[in-house]
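Protein chains in written order, with the numbering used here: chain Y, 1 to 459; chain B, 1001 to 1094. Everything on this sheet refers to the single structure shown next.
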Amino acid sequence: MTDTWVSVAYLLAAVCFILALKGLSSPRTARNGNLIGAFGAVLAVVTTLFAFELDHLPLILAAIVVGSIVAVPAARQVPMTAMPQLVALFNGVGGGAAAIVAALEIPETGGGFPLVASLFTVVVGSISFSGSVVTFLKLQEVMTTRPVVLPLHALLFAGSLVGAISVSGWVFFEDGSGDASTYGVVVIAALSLVAGVLFVLPVGGADVPIVISLLNAFTGLTVAASGYVLGNVLLLVAGTLVGASGTILTRLMAQAMGRPVTSTLFGALRGGSSAGAATGGVDRPVRSTSPDDVAILLAYAEKVIIVPGYGLAVAQAQHTVRELADLLQEKGVEVLYGIHPVAGRMPGHMNVLLAEANVPYEQLKEMDEVNPQFGTTDVVLVIGANDVVNPAARTPGTPISGMPILDVDLAQNVIFLKRSMRPGFAGIENDLLYQQNTTLLFGDAKDSLTKVVSALKSV
Amino acid sequence: MSQEMALLTIFVLSVFIGFEVVSKVSTTLHTPLMSGANAIHGVILVGAIIVTGQAEDTLGLVLGLVAVVLSTINMVGGFVVTDRMLEMFKGRKR
């Protein structure tokens, strides 16, 4: 193939990627868009295999087969509730691959800007890799989802980062060549891996959506930098697109939490976050209810809004929720879902879970759309959500102050499905639980809902 | 125009295209957006193939192959998982 044809093929692939993202503007076009993106990726890889005079071709093909054998079953079989950690992991291995590619390119760059871009990729790619692995471990609950702060954490983090950058500076002045540079790159990668771990450790479970999208943006930027180093337009365009999407998502998530990204990431380090701190301790009376009472309340309502949270995912209760909503609709009750932007563990997590249960997306309402409706709602079912409906966000001086919330307290009746009285992730009491119009249904969300559904059938 | 300037131009224009396209994505699809974008950065596979194909020593070859495996996982897994998610967004069946 001539160079021109290769360039045309890469350009076509880049256009496919843009169309893939463009398709996501509506659920109707999204799936085709994704297939176009996948076609672009295959086109790019096949072009690369034919266009360059590659040594070790059989080994490369074997490696591609191995990667596919690992990836396809994982992607096909993972339960929808485990989606955030799988996406985090895929993101991490991409960052790792970018770091390796850059490390191997360093001796070839001959210094200058390409060398700077390669060193950047080694640092950021390694951070993305180890950070994503820690995110995965947190979400998989292999380790605690609470913020972990080591002694001298901030110092260690800053130290590893400054160390990685300093050694990068030294490799730069060596023009990236010679044995010394090789060892230098190994040290840079090691320090960056440590920095990535320390970066994610202090972030708690509920803030993980921000971290995942930030690390996604990081990996995108490393791919763009690799594109610059290799003079490959496709990598440059693709990486930049991902960088942009990750940046936008990170900003949206931070806005939804009502605080800057930096306070999410480093809040626990400053000790400003009271996450996990014991509050109150005074036993205040709450009103608990039974599945039968809930069923009756729901059956005679005109409008019901369901507010799902991470607890829904944990209990795998999405299908039962759908069943309940269907039953209510048969009885002529209007059912909507109020989705808070940061409910769950990744951006849009609840939407995917409910879509899995075949909930029509027209029923899923965003915060701005649903908030004016609570005043005219008879019953709000809060399933496994807490901080996103906590009125404490409206008063200054709490860890979640300023975070936009769903105004469920305006509804006639609020029913909380909770496992226990344990406060939400932010560790603050939820005054809503003690309100006059609030009742609590204790137990596993799925069990409780199943009981409500069978009670509803006999109402 | 030098190659450096051409690449810089493409970079800047891509930033604008990226922001423009992604800001139109509906909130409902934020998770597929993340995993779709994730799959797209799997094209680092192209870079991994090129670097591995030029490897001159065993260490370079082994590391290159590791990068090929990792980026294939990223790319293939990313697209498959996104497809699986989007399959579910069918809307109300009548």
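All C-beta atoms, glycine included, are put in the ideal place defined by N, C-alpha and C. None of the values given here were measured: they were computed from a predicted structure.
- Excluding its 5 nearest sequence neighbours in each direction, B:Thr1082 has C-beta neighbours in its own chain below 7 Å: Pro1032, Ser1035, Gly1036, Ala1039, listed in chain order.
- Between Y:Leu381 and the set Y:Leu54, Y:Leu312, Y:Thr247, the nearest pair of CA atoms involves Y:Leu312.
- With a threshold of 7 Å between beta carbons, B:Thr1009 makes no contact with chain Y.
- About 4 Å separates the CB atoms of Y:Gly95 and Y:Gly125; that is less than 8 Å, so the two are in contact.
- Per DSSP, the unbroken alpha helix (DSSP H) holding B:Thr1031 starts and ends at 1030–1040.
- Against chain Y, the CB of B:Val1068 has a partner CB under 7 Å away; the residue lies at that interface.
- Ranking Y:Ala189, Y:Tyr183, Y:Thr262 by CA distance to the CA of Y:Leu214 puts Y:Thr262 first.
- The Cβ atoms of Y:Leu221 and Y:Ala44 do not sit closer than 7 Å to each other.
- Nearest to Y:Pro84 by alpha-carbon distance, out of Y:Gly178, Y:Val15, Y:Ile210, is Y:Ile210.
- Distances from the alpha-carbon of Y:Ala98 to those of Y:Val223, Y:Thr450, Y:Val389, Y:Arg251 put Y:Val223 closest.
- Per DSSP, reduced to three states, the secondary structure at Y:Asn390 is coil, with no helix or strand assignment.
- A residue is called buried when at least 16 other Cβ atoms come within 10 angstroms of its Cβ; B:Arg1084 meets this threshold and is buried.
- With the rule of 3 Cβ pairs closer than 8 Å, the stretch 113–132 of chain Y does not count as touching the stretch 250–259 of chain Y.
- Contact of B:Ser1002 with chain Y is not assigned, every C-beta pair being separated by 7 Å or more.
- In the DSSP assignment, Y:Tyr361 falls outside any alpha helix (DSSP H), carrying neither H nor E.
- Closest in C-alpha terms to Y:Lys446, from the list Y:Thr247, Y:Val321, Y:Thr438, Y:Ile18, comes Y:Val321.
- Proximity of chain B to Y:Met83 at the Cβ level (cut-off 8 Å) is accounted for by Thr1031, Ser1035, Val1081, Met1085, in chain order.
- Boundaries for Y:Thr377: no beta strand (DSSP E) harbours it, and the DSSP string shows neither H nor E there.
- Y:Ile405 and Y:Ala393 do touch by the CB rule: their CB atoms are close to 5 Å apart, below 8 Å.
- Counting every other CB atom within 10 Å of its CB across the protein chains shown gives Y:Gly227 a total of 16 or more, marking it as buried.
- If you check each beta-carbon in the stretch 1038–1054 of chain B against every beta-carbon of chain Y, the ones closer than 8 Å belong to Asn1038, Ala1039, Ile1040, His1041, Gly1042, Val1043, Ile1044, Leu1045, Val1046, Gly1047, Ala1048, Ile1049, Ile1050, Val1051, Thr1052, Gly1053, Gln1054.
- Shown here, Y:Thr398 sits in coil according to DSSP, grouped into three states, outside any helix or strand.
- Contact between Y:Tyr337 and Y:Pro27 does not hold, since the beta-carbon distance rounds to 15 Å and is not under 8 Å.
- For Y:Pro114, the CB contacts under 6 Å within the same chain, skipping 5 residues up- and downstream, are Val229 in chain order.
- Leaving aside the five residues that flank Y:Asn371 on each side, the residues in its chain whose CB is nearer than 7 Å to its CB run, in chain order, Leu406, Asp407.
- Taking Y:Ala357 as the centre and dropping the five residues before and after it, the same chain places the C-beta of Gln318, His319, Arg322 closer than 6 Å to its C-beta, in chain order.
- If you draw a straight line from the Cα of Y:Asp293 to the Cα of Y:Phe374, it comes to about 21 Å.
- Taking a C-beta distance under 7 Å as the contact criterion, Y:Ala225 and Y:Gly246 do not qualify as a contact pair.
- In this structure, Y:Ala343 lies near Y:Gly309, with their beta-carbon atoms less than 7 Å apart.
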